[in-house]
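Line by line, the protein sequences are chains L and F. The opening position of the first sequence corresponds to residue 1 in the working numbering, with each subsequent residue numbered one higher. The opening position of the second sequence corresponds to residue 207 in the working numbering, with each subsequent residue numbered one higher. Cβ coordinates follow ideal geometry from the N, Cα and C atoms, glycine included. Predicted model only: the values in this text are computed from it and were never measured. Beneath this line is the structure, given in structure tokens, with notes to follow.
2 protein chains.
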Amino acid sequence: MTVKLSRKAREGLVRRRELLAAAEAVFSKNGFFKTTMADIAEEAEFAIGTLYQIFKSKEEIYLSLVDGKVTAYLTEVEEQTRAAVGGPAKIEALIRTKLNFFEHNRNFFRIYVAEWSGFEWTAKSAFGERIWKKLLSHLDLIAGIVDEGVKTGEFKRLASQEAAFALNGMMNATIFHWILGNQPPGSLVAKTALLKDLFLTGIHQA
Amino acid sequence: MTVKLSRKAREGLVRRRELLAAAEAVFSKNGFFKTTMADIAEEAEFAIGTLYQIFKSKEEIYLSLVDGKVTAYLTEVEEQTRAAVGGPAKIEALIRTKLNFFEHNRNFFRIYVAEWSGFEWTAKSAFGERIWKKLLSHLDLIAGIVDEGVKTGEFKRLASQEAAFALNGMMNATIFHWILGNQPPGSLVAKTALLKDLFLTGIHQA
DNA sequence: CGTGAATTAGAATGCCTGTTCAGTCTAAGG
DNA sequence: CCTTAGACTGAACAGGCATTCTAATTCACG
Chain L
1 MTVKLSRKAR
11 EGLVRRRELL
21 AAAEAVFSKN
31 GFFKTTMADI
41 AEEAEFAIGT
51 LYQIFKSKEE
61 IYLSLVDGKV
71 TAYLTEVEEQ
81 TRAAVGGPAK
91 IEALIRTKLN
101 FFEHNRNFFR
111 IYVAEWSGFE
121 WTAKSAFGER
131 IWKKLLSHLD
141 LIAGIVDEGV
151 KTGEFKRLAS
161 QEAAFALNGM
171 MNATIFHWIL
181 GNQPPGSLVA
191 KTALLKDLFL
201 TGIHQA
Chain F
207 MTVKLSRKAR
217 EGLVRRRELL
227 AAAEAVFSKN
237 GFFKTTMADI
247 AEEAEFAIGT
257 LYQIFKSKEE
267 IYLSLVDGKV
277 TAYLTEVEEQ
287 TRAAVGGPAK
297 IEALIRTKLN
307 FFEHNRNFFR
317 IYVAEWSGFE
327 WTAKSAFGER
337 IWKKLLSHLD
347 LIAGIVDEGV
357 KTGEFKRLAS
367 QEAAFALNGM
377 MNATIFHWIL
387 GNQPPGSLVA
397 KTALLKDLFL
407 TGIHQA
């Protein structure tokens, strides 16, 4: 049985979602520091005062946004890689899912990268710390896939952590490139095969 | 014949260098926005007013710092890759030079990444634009190496731009990982072989 | 309709920080 | 031992912005 929410509660959730969508648009364009509460309010078509009814600070809006998106992303990746069977297939699922996610969340990518670079929140609040841990756990997942492949003999014997970082870097760079070039929708996921091939067999002529 | 600088001019250059070193320390710790002129002044042991004698704004300090470092880095990479002969050797030279540079410039890496992510200077000044162009030209250099290898048959026929981005991403991620883990000096360049191997032949068991 | 509780709006507040500037110090030249 | 040009200093200034506050508005309910 789903919990029945009061109309009030439902409206509250809608407002929250709308606010976060607006915040994403503004933060991804200007970054955390150059975005003002007035910008967010205008984009969301709320008054400034209303923002403070929904979140208690600018920081909380930002972190809430990042946490929600990152969690959605990680969940998707986790599901897809778990479903795939065998090292190469898991790698492919990982790449495809990541490319697909950011193809549909272009704006968010900038925020994601900023979060990775750790520049926005050097002094991490407890909340920021939680997001950081999630991002790191994602790398463990990748390393786990590589590790398993090494054990089954599908992959070379190599440092799985290093490989995981490298793959993650490759993917990020590719997404970045795609966004910079303002490529058409659909064309990012299409790079899955290229990346998979590169990661599995390198560029050297056999 | 080298130009003879007056004592004044020489002292001026020293002050400038000292200021930039202090700025690097502070900016790399807290990022552009959370760093105040007071922070820089304290670190440099100058009064705030003195900073404005050497540079005309906070932005100019930052950009000057980044431009100097990026230029030094690019010059080094350019020289080393030019000296190496053959695709694989050029790739190795590129990787080794990059790892070596950031091994000796840990602090700067954060600034470099932030600059790449484009988050700090979304609305680019003419000066910021110049740095951005330099970073992009670096990618062309990498792509050029790959391209050449493709032509000589050393490398597979593949999109050289994509490969260049992927390699760059791999390297960045590796450096990032190394810095995060607070690894001992010397151990970053040591990863050259691993990265070269990964990029050339992938992780798949032959 | 009338009432008051909840919600909204955006003006006002106060802090923070980049930049300036008026005074102080230093030292080279006479 | 002056003089004075230039370097240095940090307190004061001004603008910007997160947050708060209260008057105006809406809305549920009788």
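With a cutoff of 9 Å on beta-carbon distance, residue 38 of chain L and residue 54 of chain L are scored as not near each other. One finds nothing in chain F with a Cβ atom closer than 9 Å to the Cβ of residue 59 of chain L; even the nearest lies about 13 Å away.
Residue state for residue 104 of chain L is assigned as coil, using DSSP reduced to three classes. In the three-state scheme derived from DSSP, where H, G and I count as helix and E and B as strand, residue 233 of chain F is classed as helix.
Nearest to residue 382 of chain F by C-alpha distance, out of L:191, L:139, L:70, is L:139. In chain F, no part has a C-beta under 9 Å from the C-beta of residue 145 of chain L; the shortest such distance is about 11 Å. Nearest to residue 45 of chain L by alpha-carbon distance, out of L:17, L:103, L:60, is L:17. The DSSP-derived three-state label of residue 361 of chain F is strand. The Cβ of residue 130 of chain L sits no closer than 9 Å to any Cβ of chain F. Taking the beta carbon of residue 159 of chain L as reference, the chain F residues within 8 Å of it are 400, listed in sequence order. Note on geometry: alpha-carbon atoms of residue 199 of chain L and residue 248 of chain F lie some 47 Å from one another.
When only Cα atoms are considered, residue 258 of chain F and residue 235 of chain F end up about 22 Å apart. Ranked by how close their Cα comes to the Cα of residue 323 of chain F, the residues F:367, F:293, F:288, F:337 have F:337 in first place. Between the stretch 313–323 of chain F and the stretch 370–390 of chain F there are three or more C-beta pairs closer than 8 Å, enough to call the two in contact. Residue contact check for residue 203 of chain L against chain F: a CB pair falls below 9 Å. Rounded to whole angstroms, residue 221 of chain F and residue 190 of chain L show a C-alpha spacing of 52 Å. When the alpha-carbon of residue 355 of chain F is set against those of F:242, F:342, F:370, F:341, the nearest one is in F:370.
Between the stretch 67–83 of chain L and the stretch 91–103 of chain L there are three or more inter-stretch CB-CB distances shorter than 8 Å, so the stretches are counted as touching. Residues of the stretch 19–38 of chain L whose Cβ lies closer than 9 Å to any Cβ of chain F, in chain order: 29, 30, 31, 32, 33, 34. Within the same chain, 37 come within 7 Å of residue 58 of chain L by CB-CB distance, once the 5 residues on both sides are set aside. Rounded to the nearest whole angstrom, the C-alpha separation of residue 195 of chain L and residue 363 of chain F is 14 Å. Close to residue 105 of chain L, with beta-carbon spacing below 8 Å, lies no residue of chain F; the smallest spacing is near 16 Å.
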